[in-house]
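Participant: Protein chains in written order, with numbering that gives the first Met the number 0: chain A, 0 to 426; chain X, 0 to 255; chain W, 0 to 495.
Glycine residues also receive a C-beta, built at the ideal position from the N, C-alpha and C atoms.
Values in this document were obtained by computation on a predicted structure and should not be read as measured data.
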Amino acid sequence: MNAISKDMSGPLSSFAQRLNDVEGAERQAAIGALLRTGLPDRHVEAWKYTSLRPLSAQEFQAPPAQYDAAQAKSLLDNLLSQHDAVQTLPRIVFVNGRFVKDLSLLPEGMDVSFFSQKSLTVDVQASPDRDPLVALNTALVEDGAILHVAKGVDAGRMLLISLGVAGDTAISFHPRHSVVLEEGARLCLLSLSAGVGPYFHNPVTEVTVGESAKLYHTTLQTEGMQAIALATTYVQVAGHGVYNSFALGLGSLLSRHEVHARLNAPHAQLHVNGAQNLANHQVGDITSVITHAASDCISRQTVRNVLDGHARGVFQGKVLVEQVAQKTDGYQMNQALLLSENAEIDAKPELEIYADDVRCSHGATVGALDDDQLFYMRSRGVPEAQARHILIAAFLDEALSLIEDETAQEYCRAMLAIHFSAERKAA
Amino acid sequence: MSQFLEISGLCARIDADGQEKQILRGVDLTIPPGEVHAIMGPNGCGKSTLSYVLAGREDYEVTAGSVTFKGQDLLAMEPEERAAAGLFLAFQSPIELPGVNNANFLRTAVNAVRRARGLEELDAVAFLKMAREAAKSLSMAPDMLKRNVNVGFSGGEKKRNEVLQMTLLQPSFAILDETDSGLDVDALRIVAEGVNRLRSPDFSALVITHHQKLLDYLVPDRIHVMAKGRIILSGGPELAKKIDQEGYTKFLAEAA
Amino acid sequence: MPAVTETREAVEKLGQSTYKWGFETDIQMDLAPKGLNEDIVRLISARKNEPEWLLEWRLTAFRKWQSMKEPTWAKVSYPPIDYQDAHYYAAPRKKEGPKSLDEVDPELLKTYEKLGIPLHEQALLAGVELPEGETARPPVAVDAVFDSVSVVTTFRKTLEEAGVIFCPISEAVQEHPELVRKYLGSVVPVADNFYAALNSAVFTDGSFVYVPKGVRCPMELSTYFRINARNTGQFERTLIVVEDGASVSYLEGCTAPMRDENQLHAAVVELVAMEDASIKYSTVQNWYPGDSEGRGGIYNFVTKRGACRGARSKISWTQVETGSAITWKYPSCILQGDGSVGEFYSVAVTNNCQQADTGTKMIHIGRNTRSTIIAKTISAGRSDSTYRGLVRVQPKASGARNFTQCDSLLIGDECGAHTVPYIESRNMAARIEHEATTSKISEDQLFYCRQRGLSEEDAVGLIVNGFCRDVLKELPMEFAVEAQKLLQISLEGSVG
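This is the structure in structure tokens:
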């Protein structure tokens with residue numbers, strides 16, 4: 000099997016040893032796909048602005064069976080203590096990509112199972128052939144949550160938590176989650192992630208929203224500052240169904256939040272909103288491909304970036320309207336605030352339209368804080384530093400107000416406030 | 000401290016698209032405590048520039064002259080220091096602050112100013128009570144405190160919001176930059192009453208306006224006519240009526 | 000003579016086709032053998048009697064080209080092009096270069112007459128009859144390029160008196176070698192991209208303009224490109240240099256006969272604007288688009304770029320793209336001088352099986368540089384049209400501003416309209432705004448026009464012209480009228 004590792008070059012070689020040991024036809028097929036394309040470099044259009052070279056810097060080991068339990072506990076407490084409403088919510092907790100029963104509080108009202116208990120079957124949505132990160136995930140996946148909400152059931156609110164606990168050795172974990180809402184079902188899902196040490200988190204999440212079902216999905220990424228987090232989510236929404244999502248990115252050295260969402264039947268709705276606040280040498284990439292594959296669907300996307308220090312933000316948002324998707328209503332807005340001389344934003348909002356009776360628009364703005372606003376506030380006696388902070392917070396807060404689930408919204412607000420105060424302390 | 004506000008020989012210019020434009024060309028103006036003065040003048044004479052320079056807008060470069068405010072060198076102060084010292088500018092076009100809640104903003108400003116003046120900060124409850132009362136006296140809808148600062152406000156609402164801020168910040172010197180523009184008669188009266196309530200031996204104001212109307216409600220002690228970046232004529236309240244009847248042209252010709 | 004029959008047939012076809020410029024001129028041609036190799040490059044250079052440095056420059060480009068690949072990132076598809084299956088030099092046969100109009104082959108003059116391009120200075124100066132209500136327009140100097148060579152340039156005397164050089168680039172190589180050598184390839188380097196490298200190796204003619212310090216060019220300059228010969232490509236090269244405080248407005252138009260096979264047009268245009276200089280470059284591109292089934296048509300793979308080298312210089316591109324089977328074209332501005340200004344105004348219309356991938360690049364390098372992009376895309380039939388644009392703000396470009404507005408209009412449900420902007424900012428004191436919309440012509444608007452007595456096609460024409468107004472108003476008068484007519488003709492048969 001050493002033949003495989005010889006063919007691996009670039010960032011893929013950081014996983015060579017583990018890929019050599021992989022067994023099973025499905026995983027082997029994924030490795031085949033990986034070997035054909037490798038992990039993407041910046042010549043691949045979808046990765047034009049984000050380089051995976053940081054993955055090459057070190058070899059990523061499989062997580063050892065033992066981890067620092069105290070560390071994990073404290074990470075979890077940090078996530079839960081900031082808002083009363085989340086402390087008692089049902090939660091499924093993974094540490095280094097493996098389900099940990101002791102830290103979890105399993106939800107009722109839905110079927111919960113785990114990938115580790117099943118033989119791996121790859122869903123048609125996330126195909127290893129189309130996406131090398133899905134292929135890598137397929138080859139190395141160990142565990143993940145499978146949530147199933149039955150027809151007409153309101154499953155309430157729950158947390159899906161990933162904790163990364165790495166010591167001196169860099170580790171990687173590749174969980175595969177699946178969320179299925181049957182007809183008329185409802186769920187508010189908060190996906191939280193946090194961690195310490197050098198690790199690579201490569202989750203793939205597949206979401207199916209049934210007819211008239213509603214999923215409110217809020218993702219809060221507060222991974223450790225040495226972490227690389229590349230998350231891919233595939234979503235399909237049936238007629239009159241709603242997938243309403245928001246992703247807030249605060250952590251990671253390098254992160255990518257990539258969503259592929261498909262509106263499959265008339266009157267489906269999609270909200271793929273997000274915000275990121277980055278500083279130092281952080282790179283954060285928010286990428287989405289929204290496909291209107293049926294008529295009378297609505298998609299909305301607002302993404303806001305705040306970039307300080309040497310941080311670099313990337314936004315790629317494609318809205319594809321297929322020929323059948325008449326009466327499509329699509330809106331997309333990407334805005335960036337640059338706070339330092341060395342911060343950078345690269346944006347590529349894209350419309351690809353094959354139906355004529357549509358209303359699609361997108362907008363993008365890039366700029367610094369508004370001088371008029373700063374002066375107005377200062378003329379009212381607010382000191383400059385405070386005025387700047389108020390404007391930055393307001394810029395992000397407007398995005399957070401798009402979070403439909405109020406508890407999730409309050410929680411994100413609280414976490415953002417903590418993030419800001421930590422930032423200011425560091426400064 | 001001989002005078003409350005003393006402007007002498009003030010010259011200022013702005014850098015507009017790479018070209019320097021001299022706007023103020025030697026403004027001399029003194030306002031004693033407790034007095035309301037008005038500045039009138041044609042468009043482009045420098046009225047608004049004067050208000051921005053006094054409030055500390057950085058786009059304008061002061062090239063000569065001085066401004067003393069309660070014995071302090073006003074031009075050496077940051078905008079927020081001027082506010083804390085008691086200077087308030089009611090903007091001609093109030094700035095919108097999307098995402099910034101009006102009540103939170105007001106409280107932040109009031110407490111920043113109180114802190115600088117050595118007063119105790121107000122807690123949310125005390126502040127809100129005060130703000131609600133002030134808003135009510137200006138006939139403002141209660142939900143205006145909950146909305147974002149000036150976002151989606153009508154012209155009249157914005158001007159009232161300026162007067163509300165002024166009421167809460169309790170300045171000793173207010174500049175009202177065409178606060179009357181875009182207001183109907185009722186709104187004008189309400190705004191003028193708001194200003195009149197602040198009048199006291201410790202409060203002065205400089206009212207910039209085009210029209211006589213506001214001055215009917217806010218009877219000024221002195222009126223100054225400004226043209227081409229200077230004060231060319233000063234007089235009592237009767238001057239405003241004369242200008243309103245005869246227009247600026249005659250005065251400008253006489254002054255020249 | 001088969002060629003004559005063909006011409007007649009082509010002319011007859013005009014009655015049925017909407018492409019009114021599709022005739023062929025029967026003229027004796029001097030053709031290089033098919034294929035592309037170093038010998039052909041040497042042959043072209045020898046025919047042009049070029050100095051050694053230019054031959055070397057061409058050969059460098061050719062060698063680079065051989066190692067390059069065709070770009071694939073554009074949203075266009077076409078069968079592989081056999082670059083060896085074309086003539087790289089085609090010139091009307093003649094003994095000596097024409098000294099005056101009298102010496103130009105009358106067939107050629109007739110061609111341009113038919114195209115409505117005035118080449119007779121006398122007639123122009125005498126003033127042709129004008130439609131009522133129109134005032135006499137200032138004359139326009141024309142450089143007429145027929146296949147690979149320039150056949151005539153008008154008004155040269157008038158321009159010379161003003162100090163303006165306007166001549167075929169092949170002549171500039173002989174007469175003003177120092178200027179050509181200094182600026183050729185200085186904006187678009189030989190190996191900039193696959194097509195630019197090809198052009199650098201085999202370009203045959205094009206226009207050269209030099210406007211000295213402080214001179215406002217006394218008249219509009221214009222080049223009219225015509226592809227005529229079969230199995231040839233056209234590779235013209237245009238170089239415009241405008242010195243400190245000078246200005247010029249330049250127009251370019253192009254047509255080609257209707258043929259079943261595809262022909263390649265790979266031009267390079269370089270503009271250089273020094274301090275306070277201004278260049279306005281307008282294009283009405285009307286190459287043969289192919290027939291309604293997608294047979295034939297020009298592959299228009301063009302590199303156009305302007306360098307705003309001096310402070311406060313300005314380059315403005317306006318284009319109306321209605322022709323070509325495939326358009327691949329991104330007129331760009333490198334905003335190097337502080338306070339320099341770049342503009343891009345574009346209307347791109349595709350119908351039937353046409354494909355267009357066009358847009359611009361605005362590279363902000365200097366402080367306080369400004370750029371405006373207005374792009375209007377109209378797709379009809381089974382065509383596909385993409386706006387692709389880059390706005391990049393470099394770290395030193397404090398105070399840079401960009402505003403971009405892209406609007407797409409779809410007519411019919413078998414076409415596609417795409418918008419792909421790239422926005423890259425590395426300066427916090429820069430401001431970039433981008434807006435894009437896609438819609439169709441509203442039923443209400445159509446109904447309103449028709450209720451007032453307009454035919455559906457006229458109504459569409461009217462609405463489309465309104466949709467493009469922001470761009471059309473940037474064109475010089477005479478071009479704006481032509482462009483409006485073209486829009487209407489291009490969309491014929493797209494409704495109903």
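Does the beta-carbon of X/Gly8 have 16 or more other beta-carbons within 10 angstroms, so that it is buried, or is it exposed?
Facilitator: For the purposes of this step, residue 8 of chain X is taken as the residue at position 9 of the second sequence. Exposed is the call here.
Participant: In this structure, what does DSSP give as the bridge partners for W/Cys498?
Facilitator: No answer is possible for residue 498 of chain W: the residues shown for chain W start at 0 and end at 495.
Participant: From the DSSP secondary-structure annotation, give me the bridge partner or partners of A/Tyr215.
Facilitator: As a working mapping, residue 215 of chain A is identified with position 216 in the first sequence. DSSP lists A/Cys187, A/Asn243 as partners of A/Tyr215.
Participant: Within the 8 Å Cβ cut-off, does W/Ala122 reach chain A?
Facilitator: Numbered from 1 along the third sequence, position 123 holds the residue referred to as residue 122 of chain W. Confidence at W/Ala122 is low in this model, with a pLDDT of 41, below 50, so the placement of that residue should be treated as unreliable; the coordinate-derived value is given next. False, the Cβ-Cβ gap to chain A never drops below 8 Å.
Participant: Name the one or two DSSP bridge partners that A/Asn304 has.
Facilitator: The residue labelled residue 304 of chain A in the question sits at position 305 within the first sequence. According to DSSP, A/Asn304 bridges with A/Gln275, A/Ala335.
Participant: Among the candidates X/Pro97, X/His210, X/Met165, X/Arg114, whose CA atom is the shortest distance from the CA of X/Lys240?
Facilitator: Counting from 1 along the second sequence, the entry for residue 240 of chain X is found at position 241. It is X/His210.
Participant: Who are W/Glu320's beta bridge partners in DSSP?
Facilitator: Taking the first residue of the third sequence as position 1, residue 320 of chain W is located at position 321. The partner list for W/Glu320 (beta bridge, DSSP) reads W/Gln284, W/Ala347.
Participant: Tell me, to the nearest whole angstrom, how far the beta carbon of A/Val365 is from that of W/Ser424; I am working on the premise that it is less than 8 Å.
Facilitator: Locating residue 365 of chain A in the first sequence gives position 366, where the first residue counts as 1. Locating residue 424 of chain W in the third sequence gives position 425, where the first residue counts as 1. That pair is a contact at about 5 Å.
Participant: Identify whether A/Gly366 lies in helix, strand or coil by the three-state DSSP scheme.
Facilitator: Walking along the first sequence from the start, residue 366 of chain A turns up at place 367. Note: A/Gly366 maps to strand in three-state DSSP.
Participant: Within 10 angstroms of its Cβ, does W/Phe446 collect 16 or more other Cβ (buried), or is it exposed?
Facilitator: One-based indexing of the third sequence puts residue 446 of chain W at position 447. Per the 10 Å Cβ criterion, exposed.
Participant: Does the Cβ of A/Ala425 have 16 or more other Cβ atoms within 10 Å, making it buried, or fewer, making it exposed?
Facilitator: The count along the first sequence starts at 1 and reaches residue 425 of chain A at position 426. Per the 10 Å Cβ criterion, exposed.
Participant: Between W/Thr371 and chain A, is there a C-beta pair that is closer than 8 Å?
Facilitator: Sequence index remark: in the third sequence, residue 371 of chain W carries index 372 (1-based). Judged by the 8 Å Cβ criterion, W/Thr371 is not in contact with chain A.
Participant: Taking Cβ-Cβ distances shorter than 8 Å, what residues in chain W pair up with A/Lys347?
Facilitator: Stepping through the first sequence from its first residue, residue 347 of chain A is reached at position 348. In chain order: Val419, Pro420, Tyr421, Ile422.
Participant: Is the CB-CB distance between A/Gly312 and A/Ala278 below 8 Å?
Facilitator: Residue numbering aside, residue 312 of chain A sits at position 313 when the first sequence is read from its first letter. Residue numbering aside, residue 278 of chain A sits at position 279 when the first sequence is read from its first letter. In this structure, A/Ala278 does not lie closer than 8 Å to A/Gly312 by Cβ.
Participant: Check whether the region 351-371 of chain A and the region 406-416 of chain W touch, using three or more Cβ-Cβ pairs below 8 Å as the test.
Facilitator: The region 351-371 of chain A, when compared against the region 406-416 of chain W, does touch it at the 8 Å Cβ threshold.
Participant: List, in chain order, every chain A residue whose beta-carbon is nearer than 8 Å to that of W/Ile377.
Facilitator: As a working note, residue 377 of chain W is residue 378 in the third sequence. Ordered by position in chain A, no residue passes the 8 Å Cβ test against W/Ile377, which lies about 11 Å from the chain.
Participant: What is the rounded straight-line gap between the Cα of X/Leu163 and the Cα of X/Asn147?
Facilitator: As a first step, residue 163 of chain X is located in the second sequence; it is residue number 164 there, counting from the start. As a first step, residue 147 of chain X is located in the second sequence; it is residue number 148 there, counting from the start. Rounded to whole angstroms, X/Leu163 to X/Asn147 spans 15 Å at the Cα level.
Participant: Quick check: the region 301-317 of chain A against the region 370-378 of chain W, are at least 3 beta-carbon pairs closer than 8 Å?
Facilitator: Judged by Cβ distances under 8 Å, the region 370-378 of chain W makes no contact with the region 301-317 of chain A, as fewer than three pairs qualify.
Participant: Here's a check: name, in chain order, each residue in its chain whose Cβ is nearer than 6 Å to the Cβ of A/Arg184, leaving out the five neighbours to either side.
Facilitator: Position 185 of the first sequence, counted from the first residue, corresponds to residue 184 of chain A. Here residue 184 of chain A turns out to be Ala, not Arg, going by the sequence shown. Correct list, in chain order: Val148, Val152, Ala212.
Participant: So if DSSP puts W/Lys33 in a beta bridge, which residue, or which two residues, is it bridged to?
Facilitator: If you number the third sequence from 1, residue 33 of chain W lands on position 34. Paired residues: W/His86.
Participant: Which residues bound the alpha helix (DSSP H) around W/Thr59?
Facilitator: Position 60 of the third sequence, counted from the start, is the residue given in the question as residue 59 of chain W. Its alpha helix (DSSP H) spans residues 51-65.
Participant: Using the Cβ count rule (16 or more neighbours within 10 Å means buried), how would you classify W/Ala276?
Facilitator: Your numbering for residue 276 of chain W matches position 277 in the third sequence. Counting Cβ neighbours within 10 Å, W/Ala276 comes out buried, since at least 16 surround it.
Participant: Check whether the Cβ of X/Ala82 lies closer than 8 Å to any Cβ atom in chain A.
Facilitator: Reading the second sequence from its first residue, position 83 is the one you call residue 82 of chain X. Cβ-Cβ to chain A under 8 Å: yes for X/Ala82.
Participant: Within the 8 Å Cβ cut-off, does A/Cys187 reach chain W?
Facilitator: As a first step, residue 187 of chain A must be located in the first sequence, where it is residue number 188. No, A/Cys187 does not count as interfacial toward chain W.
Participant: Check whether the region 77-97 of chain X and the region 371-385 of chain A are in contact - that is, three or more C-beta pairs closer than 8 Å.
Facilitator: The region 77-97 of chain X is in contact with the region 371-385 of chain A.
Participant: Quick one: list the residues of chain W neighbouring A/Val357, beta-carbon separation under 9 Å, in chain order.
Facilitator: For the purposes of this step, residue 357 of chain A is taken as the residue at position 358 of the first sequence. The answer, in chain order, is Leu409, Thr437, Ser438, Lys439.
Participant: Would you mind sorting W/Met476 into buried or exposed? The rule is 16 or more other CB atoms within 10 Å of its CB.
Facilitator: Here the question's residue 476 of chain W lines up with position 477 in the third sequence. W/Met476 is exposed by the Cβ-count criterion.
Participant: In terms of residues, what are the limits of the beta strand (DSSP E) holding A/Gln315?
Facilitator: Stepping through the first sequence from its first residue, residue 315 of chain A is reached at position 316. Per DSSP, A/Gln315 belongs to the beta strand (DSSP E) from 311-320.
Participant: May I ask you to verify whether the region 255-271 of chain A touches the region 289-302 of chain A, counting CB pairs closer than 8 Å and requiring at least 3?
Facilitator: Contact between the region 255-271 of chain A and the region 289-302 of chain A is present, because at least three Cβ pairs lie under 8 Å.
Participant: Leaving out five residues on either side along the sequence, give the residues of the same chain with a beta carbon under 8 Å from the beta carbon of X/Phe87.
Facilitator: Start at 1 with the first residue of the second sequence, and residue 87 of chain X comes out as number 88. Correct list, in chain order: Gln164, Met165, Leu168, Pro170, Phe172, Ala173, Ile174.
Participant: What are the boundary residues of the alpha helix (DSSP H) that A/His388 is part of?
Facilitator: Taking the first sequence and counting its residues from 1, one reaches residue 388 of chain A at position 389. Start and end: 383-399.
Participant: Listed in chain order, which residues of the region 388-416 of chain A have Cβ atoms closer than 9 Å to some Cβ of chain X?
Facilitator: Listed in sequence order: Ile389, Leu390, Ala392, Ala393, Phe394, Leu395, Asp396, Glu397, Ala398, Ser400.
Participant: Please confirm whether any heavy atom of the ligand MN lies closer than 7 Å to the CB of A/Ala134.
Facilitator: The ligand MN is absent from the structure shown, which contains no ligands of any kind.
Participant: Taking the alpha carbon of W/Gly232 as the point to measure from, which residue in W/Gln444, W/Phe300, W/Pro211, W/Glu269 has its own alpha carbon closest?
Facilitator: What you label residue 232 of chain W is simply residue 233 of the third sequence in a count that begins at 1. Checking every option, the nearest Cα to that of W/Gly232 belongs to W/Phe300.
Participant: Are the Cβ atoms of W/Ala310 and W/Asp337 separated by less than 8 Å?
Facilitator: Along the third sequence, read from residue 1 onward, the residue named residue 310 of chain W stands at position 311. Along the third sequence, read from residue 1 onward, the residue named residue 337 of chain W stands at position 338. Yes. Within cutoff.
Participant: Could you confirm whether any beta carbon from chain W is found closer than 8 Å to the beta carbon of A/His280?
Facilitator: Reading the first sequence from its first residue, position 281 is the one you call residue 280 of chain A. So no, A/His280 is outside the interface.
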